[in-house]
Amino acid sequence: MKLDKYLEMIRIRFLMMLAYRTNYYTGILIYSINIGAYYFLWSAIYGSKEQIQGLSVTQMTTYVAISWMARAFYFNNLDREMAMEIKEGRVAVELIRPYNYLGMKTMQGLGEGIFRLIFFSVPGFILVYLLFPIQLSWKPDIWALFAVSILLSFFINTELNLLTGITTFFLYNNTGLIRAKRVVIDLFSGLLLPMSFFPGWAQEVMRYLPFQGISYIPSMIFTEGFTHHQAFEAIGQQFLWVILLFIPIRLIWSIAKKQIVIQGG
Amino acid sequence: MFYVKIFFQYMSQYIKTRLQYRTDIFVEFFSDLLSQAINLIFILVVFGHTQFLNGWNRDEIIFIYGFFLVPFAVFSAFFNIWDFNERYIVKGELDRILTRPIHSLFQIILERMELEALLGAITGLAVMLYAGLHLHINVEWYDPLLFIFFVIGGVLIYGGIFIMLACISFWADARTSLMPMMYNISNYGRYPVNIYNHIIRFVLTWILPFAFVGVYPAAFFLEKQEWFWYSFLTPVMGIIFFTISVILWNQGIKRYRGAGN
Amino acid sequence: MNAIEVKNLRKEFKAYSSRSGLAGAFRDLFTRNYKIIPAVNDINFTVKQGEMVGYIGENGAGKSTTIKMLTGILTPTSGEITVNGMNPHKEREKFVQTIGVVFGQRSQLWWDIAVQESFRLLKKVYKVSDEQYNNHMDHVIKTLDIEPLLDKPVRKLSLGQRMRCELAAALIHNPPLLFLDEPTIGLDVLVKLKIRDFLKEINEKYNTTILLTTHDLSDIEALCERVIMLDEGKVIYDGALKKLKETMDDGKEVQFQFLQNVDLTQVTALTAGMPVKWELNEKEQLFTAYIEDQDELISQLISKVVSAYKIKDIKINETSTEELIRNIYEKGAVEVG
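Protein chains in written order, with the numbering used here: chain H, 1130 to 1394; chain A, 823 to 1083; chain P, 14 to 350.
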């Protein structure tokens, strides 16, 4: 019973996304161009080298392709939406509704993500697969691990978005922060290049941050850059972050709610 | 003349507004700096694993990136129209614009300017200076002049493409997220075009000519003679693209149906 | 000279309809249903310089669409418009210099800066000289009583305060023609009165033509001699408000309250043979007689009733404009002799 309204929210989001159809005709094309450009860039970087940091050029192409397609699933603009709702005072209305605001936002993001996964990532990946030399694994265990991993990516990324969104209560204008967060995630999540390419000390630091759980881990699983053992460990790490990030969200959210009362919505 | 006067009027208005939210300016500047730093990190990390990128070395690539930042900063300061559809069409702000005696596109550019983005040009110049010193580039008397022409050309190309994208809103009533995605594509102009295959090279030169914002004009200062022809084409492409976009805009305004009823 | 001339003006829109449900939404991805709807359907009218005209109609009747075409925002599908001797959308930039526009629901002012800063910028935009500005705006600012608001940012003003500032902003270049789209929406009575007085004054002083759309008919009654009434994109009435009332007036209503107990059958019997219809408001013991608007008849009725019963109160009412308009929309058209 309790889940009903959250499922309905996923459905509504799904329908809303369908309404904006022009996004998909062009979006797939543009993501493909994006992947293509990185493919050429990486081919140039590899030059005549067989391997860099244990990845072949084909694995690298696969890595880039899957990173971008997975991004379509975990990526969302919840931080920006929240900032808007808070600034325009709509959040007060949301808070009198009989549901958990943050939970509802997460479900919206999930609805959007599932939509993009089906209508964007899958056809997009097929297109990219036909255009570029991509190595696809057919092992069911790899796919299963990958599926678990990107779901956890979604939660880590969404939690970070919620955290950024809540800061709107304390900063009048946080567009700068939102932008900064996005750039940081693109680099440190391993979307632009795998963590293993970074110098050793940077890799060491990154190990203690949640970012690589967003892109690097699922992409490495998919390209079989990880052994089974490494994959399990990495997923465990992701899971830990999902739980750890939950704490500051609860904390800041309860402080933020008091802030609403003061501001009068 | 009138337009120049109005430009400065809006600018002073803008500065007054921005001074009310001083901290924002710093946060925004910082986030811009961060994204520039991240692009540099990308280049540095990549060159930690290779010496040359199809005949271009690390400092040359960095120089191209530095050059790209300058027209990009000017573009970001004056063509902040990525949310044109939402702000002006869906919310109907265009109605207000159209009741005033100044060209509609010019008004929108004025209203939406974000002068703090210009600071990115300083970063760009610093990056160019750093790379230039490493490369021992000779500076001739005409170089600064050409630099300005190339920058203007690049800004007009960028502006033209994004105005054309904004114009889509006049014909299609569905919301598009094309604009943010186009920023991704625009990044390819930062790398030497000879690393791409001929189709992408063609697109980046003639269809979405972002190569004219980065690698082509920068190649002139890097004394890559085989690209000189393209370098000098930069201002021409700029004028062509910008003119087309304005014509398209004027046609679009006629089609504008107004928000609600 | 005519301020506005409109000939066979027409504006069509494509209206998309979406199919229901998930499957429907999928089909919408590829093809969508649409209908062509004329929002404004072959209308004609002219407005003379110095007239104050009320442009009325229900939601979706085509009011805003017409205003947007008259101000050069929208391009007509067909027909001719001449406003201040120009074609609004063809010579837009020159044309808008000669008009002022207030959209009640949309701000002309810059949200974050002080009102006077917005005024200053608009002054430059409309190329108004310091001398003209001082002569004209000092007066406007005084009459609208916005002097104390000038140094406040717009976001800190109340709706009524903001509306007065919007009006002043629209008049910075002292335009000969003023379009007001719902200028009093959501305002309290005092502000409304102030705005009406102000509009009357500038109309007298500068012979400013004013075209006003509103839902509030009391605005129209207070300001406009003439109304143009729109329904489903067509003009259904164009003429004096008074004349509309006369033609439409089915009669007057005479209300009685008695000091003694009277019932409906008694008064009906009393006035048998006269063209009177009685109604009783039981709660307030208010007897209303509907009767044709003839002086003779009315005095006959009153004398008969007064001589029969003791009276507490009598009122003679005309049918209200609002009721009148409602009648017109129910009937669909007006025939004026």
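Quick reminder that beta carbons are idealized off the backbone N, C-alpha and C, glycines included.
Count the other CB atoms, across all protein chains shown, that sit within 10 Å of the CB of residue i; report buried if there are 16 or more and exposed otherwise.
i	result
residue 1057 of chain A	buried
residue 297 of chain P	exposed
residue 1269 of chain H	exposed
residue 319 of chain P	exposed
residue 101 of chain P	buried
residue 964 of chain A	exposed
residue 1236 of chain H	buried
residue 1205 of chain H	buried
residue 115 of chain P	buried
residue 1200 of chain H	buried
residue 123 of chain P	buried
residue 1356 of chain H	exposed
residue 239 of chain P	buried
What in chain P is Cβ-close to residue i, meaning under 8 Å?
i	result
residue 1078 of chain A	86, 87 and 88
List the residues of chain A whose Cβ lies closer than 7 Å to the Cβ of residue i, in chain order.
i	result
residue 1321 of chain H	864
residue 23 of chain P	Simply none; closest approach about 14 Å.
residue 1173 of chain H	875, 876 and 1017
residue 1165 of chain H	1022
residue 125 of chain P	839 and 842
Can you tell me which residues form a DSSP beta bridge with residue i?
i	result
residue 304 of chain P	P:265 and P:289
residue 24 of chain P	P:53
residue 189 of chain P	Answer is none; residue 189 of chain P lacks a bridge partner.
residue 979 of chain A	According to DSSP, residue 979 of chain A bridges with nothing at all.
residue 113 of chain P	P:191
Using beta carbons (cut-off 8 Å, strictly below), is residue i in contact with chain A?
i	result
residue 121 of chain P	yes
residue 1298 of chain H	no
residue 1170 of chain H	yes
residue 208 of chain P	no
residue 168 of chain P	no
residue 102 of chain P	yes
residue 350 of chain P	In this predicted model, residue 350 of chain P has a pLDDT of only 42, less than 50, meaning its place in the structure is not dependable; the value taken from the coordinates is given anyway. So, not an interface residue.
residue 10 of chain P	Residue 10 of chain P cannot be examined here, being either before or after the span of chain P that is shown, 14 to 350.
Determine the DSSP secondary structure at residue i, reduced to helix, strand or coil.
i	result
residue 1212 of chain H	helix
residue 201 of chain P	coil
residue 1253 of chain H	helix
residue 195 of chain P	coil
residue 1394 of chain H	In this predicted model, residue 1394 of chain H has a pLDDT of only 39, less than 50, meaning its place in the structure is not dependable; the value taken from the coordinates is given anyway. Looking at residue 1394 of chain H - three-state DSSP - the assignment turns out to be coil, as it is neither helix nor strand.
residue 1174 of chain H	helix
residue 1071 of chain A	helix
residue 91 of chain P	strand
residue 226 of chain P	strand
residue 65 of chain P	strand
residue 47 of chain P	strand
residue 294 of chain P	strand
residue 331 of chain P	strand
residue 1336 of chain H	coil
At a CB-CB cut-off below 8 Å, which residues of chain A make contact with residue i?
i	result
residue 116 of chain P	917 and 918
residue 1312 of chain H	853, 856, 857 and 860
residue 149 of chain P	The premise fails here: residue 149 of chain P is roughly 17 Å from chain A at the closest Cβ pair, so nothing lies under 8 Å.
residue 1316 of chain H	860, 863 and 864
I'd like to know whether the C-beta of residue i is nearer than 8 Å to at least one C-beta of chain H.
i	result
residue 852 of chain A	yes
residue 1081 of chain A	Because the pLDDT of residue 1081 of chain A is 46, which lies under 50, any placement of that residue in the model is unreliable, and the question is left without a value.
residue 872 of chain A	yes
residue 1006 of chain A	yes
residue 1038 of chain A	no
residue 808 of chain A	In the structure as shown, chain A starts at 823 and stops at 1083, and residue 808 of chain A therefore has no counterpart that could be examined.
Please tell me whether residue i has its Cβ less than 8 Å away from any Cβ of chain P.
i	result
residue 956 of chain A	no
residue 911 of chain A	no
Anything in chain P within Cβ reach of residue i, meaning under 7 Å, just list it in chain order.
i	result
residue 922 of chain A	109 and 138
Can you pull the chain H neighbours of residue i, defined as C-beta to C-beta under 8 Å?
i	result
residue 945 of chain A	Simply none; closest approach about 14 Å.
Name, please, each residue of chain H whose Cβ falls closer than 7 Å to the Cβ of residue i.
i	result
residue 867 of chain A	1322, 1326 and 1327
residue 849 of chain A	1305 and 1306
residue 846 of chain A	1302 and 1305
Which bits of chain P does residue i rub up against, with CB to CB less than 9 Å?
i	result
residue 1046 of chain A	Ordered by position in chain P, no residue passes the 9 Å Cβ test against residue 1046 of chain A, which lies about 45 Å from the chain.
residue 931 of chain A	Result: empty, since nearest Cβ-Cβ is about 14 Å, beyond 9 Å.
residue 1073 of chain A	Residues of chain P passing the Cβ test: none, with the nearest at roughly 11 Å.
residue 942 of chain A	Result: empty, since nearest Cβ-Cβ is about 24 Å, beyond 9 Å.
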